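Visitor:
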Amino acid sequence: MPVEEKKTRCDRHGRQQPSFRLGKLLDRIAALRANMRGMLATEVVREALYLDSETVNLLDHMKTRLPYKIITSTESLVKAYTYKNFIHQHYSQNAARYWNVMRMLHLFFNEWIFCAFQHDLRGVILDQPATDDTLYDEWNQFPTKAALKAEEIIGDILASVPYSIELLEKPSPLWARFLVWPLASIGTSELCPVPAKMFIINRPKAVGERHELEHAKEAAMMLEEGVSIEDW
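Under our numbering, the first residue of the sequence shown carries the number 6, and numbering increases by one thereafter.
1) What are the complete alpha helix (DSSP H) segments, minimum 4 residues, inside the stretch 143-174?
2) Could you tell me which residues DSSP puts in a beta bridge with Y88?
3) Of all the options S81, V49 and Y96, which has the alpha carbon lying nearest to the alpha carbon of P72?
4) So, is G192 buried or exposed, given that buried needs 16 or more other C-beta atoms within 10 angstroms?
5) According to DSSP, is T69 part of a helix, a strand, or is it coil?
6) Suppose the cutoff is 7 Å on Cβ atoms and the five residues either side in sequence are ignored; what does the same chain contact list for K210 look like?
7) Whole angstroms is fine: what's the gap from L179's alpha carbon to D142's?
8) Would L228 be called buried (16 or more neighbouring beta carbons within 10 Å of its own) or exposed?
9) For T77 and G43, I'd like the C-alpha separation in whole angstroms.
10) Three-state secondary structure (DSSP) at T47?
11) Give the DSSP-derived three-state secondary structure of T77 in the structure shown.
12) Between I92 and R26, what straight-line distance do the alpha-carbon atoms span, to the nearest angstrom?
13) How is the alpha helix (DSSP H) around L188 delimited, first residue to last?
14) Using 8 Å as the Cβ pair cut-off and three pairs as the minimum, do the stretch 97-105 and the stretch 47-58 touch?
15) Report all residues from its chain with a CB closer than 6 Å to the CB of K29; omit the five preceding and five following residues, and keep chain order.
16) So H111 and I159 are in contact, right, with Cβ under 8 Å, and what is the actual spacing, rounded?
17) Is the CB-CB distance between L184 and V212 below 9 Å?
18) Decide yes or no for the touch test of the stretch 63-70 against the stretch 116-124: beta carbon pairs closer than 8 Å, at least 3 of them.
19) Within the continuous alpha helix (DSSP H) that includes R42, where are the two ends?
20) May I have the straight-line CA-CA distance separating S194 from A152, to the nearest angstrom?
21) By the three-class DSSP mapping on this structure, what secondary structure does E230 have?
22) Evaluate N115 with the Cβ neighbour count: other Cβ atoms within 10 Å of its Cβ, from every protein chain shown; 16 or more gives buried, anything less gives exposed.
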């Protein structure tokens, strides 16, 4: 095989790798977040839908690379504080962290879709897609779909919390610390259900007391007081 053709194939293969795709995804996320204020709602929704579809593809890839087991709290050998009685039992704390990072991205995109329909939430300019636009048929359904999907994603993230607190064989402030950011972000989300928020407020507080982590205690206080994570 000629060297140039071999290089082309290697480049193409590299661009298909999850790490490369995630890097490109993060670049576009940063651009959208920085430029959202003042963008048209149709522009925000179109980009968020694309980014969300890419994230879903990466999550599907993770199901084979980093599978996990779903158990109920009654099946757990350790008494755990759960949300909706389910626990995601991962093979490692690193795997749990990777899953939560990707799910947080998934949540952000659905938040942005929802917020694109309300100017005061992200400063988006409200508009409507043209009748020949691919967004037209489902336009009015997007906010409801985004809210329902966000509730599902939040449930999945919270199902991993016991694995990094009560189910740890040896208590570790390192892994518990990794929970603070997603919990604080979810707790201040426009799409966070009230029961989830009550669960979330309790968890950073428990992490802070168990591992003497001041920023975990601060996160719990912030959530109780309704402070935006951007002001934290």
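Even for Gly, the Cβ is constructed at its ideal location relative to N, Cα and C. The structure presented is a predicted model; accordingly, all values stated were derived computationally and were not measured.
Guide: By the coordinates alone:
1) As far as the stretch 143-174 is concerned, its whole alpha helix (DSSP H) runs of at least 4 residues are 147-164 and 166-169.
2) Looking at the DSSP assignment, Y88 forms a beta bridge with F91.
3) In this structure, Y96 is the residue among S81, V49 and Y96 with its C-alpha nearest to the C-alpha of P72.
4) Classification for G192: buried.
5) It is helical.
6) The residues are K222 and A225.
7) Each residue's Cα considered, the two are about 47 Å apart.
8) So L228 ends up on the buried side.
9) A straight-line Cα-Cα distance of about 45 Å links T77 and G43.
10) The answer is helix: DSSP assigns T47 an H, G or I state.
11) Reduced to three states, the DSSP call for T77 is strand.
12) In this model, I92 and R26 are separated by some 29 Å (Cα to Cα).
13) First-last of the alpha helix (DSSP H) with L188: P178 to G192.
14) By the criterion of at least three beta-carbon pairs nearer than 8 Å, the stretch 97-105 is not in contact with the stretch 47-58.
15) In the same chain as K29, and ignoring 5 residues on each side of it, no C-beta atom comes closer than 6 Å to its own.
16) No, H111 and I159 are not in contact; Cβ-Cβ is about 10 Å, not under 8 Å.
17) Yes. Within cutoff.
18) Contact fails: fewer than three Cβ-Cβ distances are below 8 Å.
19) From DSSP, R42 is part of no alpha helix (DSSP H); its letter is neither H nor E.
20) Taking the straight line from one Cα to the other gives about 11 Å.
21) Note: E230 maps to helix in three-state DSSP.
22) Buried, by the Cβ-count rule.
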